[in-house]
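Report on one structure; see the data block that follows.
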Amino acid sequence: MLSNAPRFSLKSQPTPHKLEGTLGGSPPPKHSAEEIGKAVIGKALSGLGSSTRLLIWSPQSRYMYFPSFFFALLIRFLVQLFRSPLRAVPGPFLARFTDGWYFWNVRKGSFQDVNVELHKKYGTIVRYGPNRYSFNDPEAAKIIYGLGNHFPKSSWYSSWASPGQWAIFSDQSIKRHAQNRRLYQATYAMSSLVHYEPFVDECSDLFTQRLAEMSRSNMLVDMRHWFQCYAFDVIGLITYAKRLGFLDRGDDIRGVISALEEHLGYATLVGIFPSLHRYLFPLKNYLAGGKGAGRAYVLSFTNERIREAQVTPKPVAEESAVAMEDFLTKFLAKHAADPEVFTSFHVLAGCTSNMVAGSDTTAISLSAVLYYLLKHPACLHKLRDEIDDLTAKGGLSKSPTFKESQQLPYLQAVIKEALRMHPATGLPLERVVPEGGATIAGRFFPEGTTVGINTWVAHRDHRVFGDDAETFNPDRWLVDDAARLSMMNRYYMPFGLGSRTCIGRHVSMLEMSKLIPRIVRDFDFGLDPSLQREEWHTQKLLVREAAGF
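Residue numbers (UniProt numbering): 1 to 549.
Structural data, given as structure tokens:
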């Protein structure tokens, strides 16, 4: 997640009941407070037994019951803590006892920075909750995320879907996820990108038109917002063959952007205490009122597009054919071919997942690219020279194609480095140790332990990315050193790793690869002076028009 706002300038060039009664038969005998205390403590310490004793207390003893009960729980907790094979793993003191420490630091924002500092202080393995462990080790990444290792996603992800429903991103079932991913895979494959390019071009044209208008107005331009408008309209067009209209109006249509941000905040925090999700989710929707209109609008928009497409179905081209074709058309064709396998829910889930996952993350990444270029003018000039050179040779169109963008190695290095420096996710990508446990980074972790690697931590590992790992340097990806490049690529994870790699990563790269060279070539941008003196971890991105334009 982004957090504090860069400003740029822009010019045109030539986003407890008391329990009473009996359970059949005669009334149970009364127990003294001492007897009750002993029974409860004994039960808590043993943790054994095929049944649980039901104790009925008298009014005289009930007030003594609670201290005994909580004392028993404390004793049990301490016994478990000091007998744990992981008791020696370092981390913040409070994180040893409660997930509240993690919740509080996520709630404050910038947990990615906290996580990085924890590893600098404690080393390779860090505890950030009673049963949560963060790693900084390329070999740990192979074990946790490697294909065939069967570490399912943690319950943190459950809050990203409606209770009782699955989603490609949040599904904790390895088997079901694999089955469903296979159903969607072809529509997100690299070979399908050619079907989506015309949609991206349409939005790029409108985006640059808006920039040109603003460049003549001597006004601050919130580029984070405009990148989000661009990403929303692109994903809407790619998904439904119809834009939502963000670029036309330049504002938050029906509160969709604010609804998405609210949902992301809810899922991020509630996922830390996932058992609350089934209760808080319906309550959240009930209390949302007008704030829930954005989410409702996306669902309504999706259902309306589905009805329209079912009334007038479009022909579906072969995956390799050059055709302007949206996701919905492809999903409906799959549904028509085998409705028992690719159900109507698959159609709805695929479309809505695109809208949620395919907008904010791309906007963050575009913002990161532009920010780091402006923070490092030499890199911007080098990129512009590469673009101008290819344009002069006739190798770059007015609206660059994805194929043409692959002929710009420095552009690809800039995008890759920006995503290394500022990946869209700032929390550990949690997985659960499977049955039998696992040895990770030289330590055994019992089954059920939550483990993960934070992308921000991984991408700042000096052993992998060099002594300048915390510096923006696109040239690191252009070195003539196959072994070093291989090592960096293995620990490069802005889209995740293994079988749970982001299914839409190619679409995101398509959007960035086509838009960045166009705006760098056609516009001048200037970073607000105040941001030259501070680092950017922000949710907003401001741009300022350059003098004389």
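Just so you know, even glycine gets a beta-carbon here, dropped at the ideal spot from N, CA and C.
- In terms of Cβ geometry, Phe232 and Ser359 form a close pair [threshold 7 Å].
- A distance below 7 Å between beta-carbons, with the five flanking residues on each side excluded, links Glu404 to the following residues of its chain, in chain order: Gly395, Leu396 and Ser397.
- In this structure, DSSP gives Tyr410 a helical state, which the three-state scheme calls helix.
- Contact annotation: Leu193 and Phe523 have beta-carbon atoms that are not nearer than 7 Å.
- Under the DSSP definition of a beta bridge, Phe135 partners with Ile125.
- DSSP places Ala438 in the uninterrupted beta strand (DSSP E) bounded by Ala438 to Ile440.
- Bounds of any alpha helix (DSSP H) do not take in Val451; it lies within the beta strand (DSSP E) bounded by Thr450 to Gly452.
- Three or more Cβ pairs closer than 8 Å define a contact, and the region 225 to 239 falls short of that threshold against the region 270 to 281.
- Sequence-distant partners of Ile174 (beyond 5 residues in either direction) whose C-beta falls short of 7 Å from its own C-beta, in its chain, are His150 and Pro152.
- Proximity to Ser204 across Val520, Asp528, Phe525 and Ser159 peaks at Val520, based on C-alpha coordinates.
- In the DSSP secondary-structure assignment, Pro90 is not bridged to any residue.
- Between Tyr133 and Ile143, the C-beta gap is not smaller than 7 Å, which leaves the two residues out of contact.
- Cβ-Cβ separation between Phe472 and Glu417: approximately 6 Å, consistent with a contact (criterion under 8 Å).
- His335 counts as buried, since no fewer than 16 other beta carbons sit within 10 angstroms of its beta carbon.
- Its chain contains Leu390 and Gly395 as the residues whose beta carbon lies nearer than 7 Å to that of Gln407, once the 5 sequence neighbours on both sides are disregarded; these appear in chain order.
- Counting of Cβ neighbours within 10 angstroms places His381 among the exposed residues, the total staying below 16.
- DSSP places Leu220 within a strand segment (E or B) once states are collapsed to three.
- Looking from the CA of Ala189, the closest CA among Ile516, Thr425 and Cys502 belongs to Cys502.
- In terms of Cβ geometry, Ser258 and Asp252 form a close pair [threshold 7 Å].
- Nearest to Cys351 by C-alpha distance, out of Ala88, Val479 and Phe301, is Phe301.
- Cβ atoms of His459 and Arg420 come within 8 Å of each other, at about 5 Å.
- Under the 8 Å Cβ criterion, the region 117 to 131 counts as touching the region 93 to 100, having at least three qualifying pairs.
- Under the DSSP assignment, Phe103 falls outside any beta strand (DSSP E), being part of the alpha helix (DSSP H) whose first and last residues are Gly100 to Lys108.
- If you draw a 10 Å sphere on the C-beta of Trp104, you find fewer than 16 other C-beta atoms in it, and that means exposed.
- Take Phe495, set aside five residues on each side of it, and the residues of its chain with a beta-carbon closer than 6 Å to its own are Thr501, Cys502 and Arg505, in chain order.
- Between Leu429 and the set Gly100, Tyr145 and Gln310, the nearest pair of CA atoms involves Tyr145.
- Between Tyr196 and Ile238, the C-beta spacing is below 7 Å.
- Restricting attention to Leu269, Glu139 and Tyr122, the CA atom closest to the CA of Leu427 is found in Leu269.
- Per DSSP, Phe199 is one residue of the alpha helix (DSSP H) stretching across Leu193 to Ser215.
- Shortest Cα-Cα distance from Thr455 to any of Val479, Tyr492 and Gly437 involves Tyr492.
- Take Ala363, set aside five residues on each side of it, and the residues of its chain with a beta-carbon closer than 6 Å to its own are Thr15, Phe227, Gln228 and Ala231, in chain order.
- Pairing Leu147 with Gly436 gives a Cβ-Cβ distance that is not under 7 Å.
- Residue pairing by DSSP places Lys153 opposite Arg431 in a beta bridge.
- Bounds of the beta strand (DSSP E) holding Phe445 are Arg443 to Phe445.
- Here Phe327 carries a helix assignment [DSSP, helix/strand/coil].
- For Ala267, the closest of Lys284, Arg249, Ala469 and Asn115 by C-alpha to C-alpha distance is Lys284.
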